[in-house]
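The sequence shown: position 79 = 79 (UniProt numbering), numbered continuously.
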Amino acid sequence: MTTTTWTRRGACRTADPELFFPISHTGPRGQADTEEAKKVCRACTVLRNCRADVLDNPPEYGVFAATTPDERRTLRARRLNPN
């Protein structure tokens, strides 16, 4: 499946884009905002495709594939050094 094919089916396409770019991922408000974005991602039918793409081409900011920038860095590090 090409990137353009699966991205058209993403649950995020119908959500407010600002939801995926909380001001912070920490603190009570930041955690709540981040969790709300992650909920959309977790319910998405193309999460697996999105996660693979995001780990190959990680965006610097925002919630993508139900991950924050810090979580993406950790996942990429594990992927590069599985030991």
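Backbone N, C-alpha and C fix where the C-beta goes; we use that ideal spot for every residue, glycine too. Note that the coordinates shown come from a computational prediction; the quantities given were computed from them, not determined experimentally.
- Nearest neighbour of residue 20 by Cα position, chosen from 47, 46, 38, turns out to be 38.
- Comparing C-alpha distances from residue 55 to each of 15, 63, 12, 76 shows the shortest one belongs to 76.
- Residue 52 counts as exposed, since fewer than 16 other C-beta atoms from the protein chains shown sit within 10 angstroms of its C-beta.
- The beta carbon of residue 47 sits closer than 7 angstroms to the beta carbons of 41, 65, 66 from its chain, once the five residues preceding and following it are set aside; these are given in chain order.
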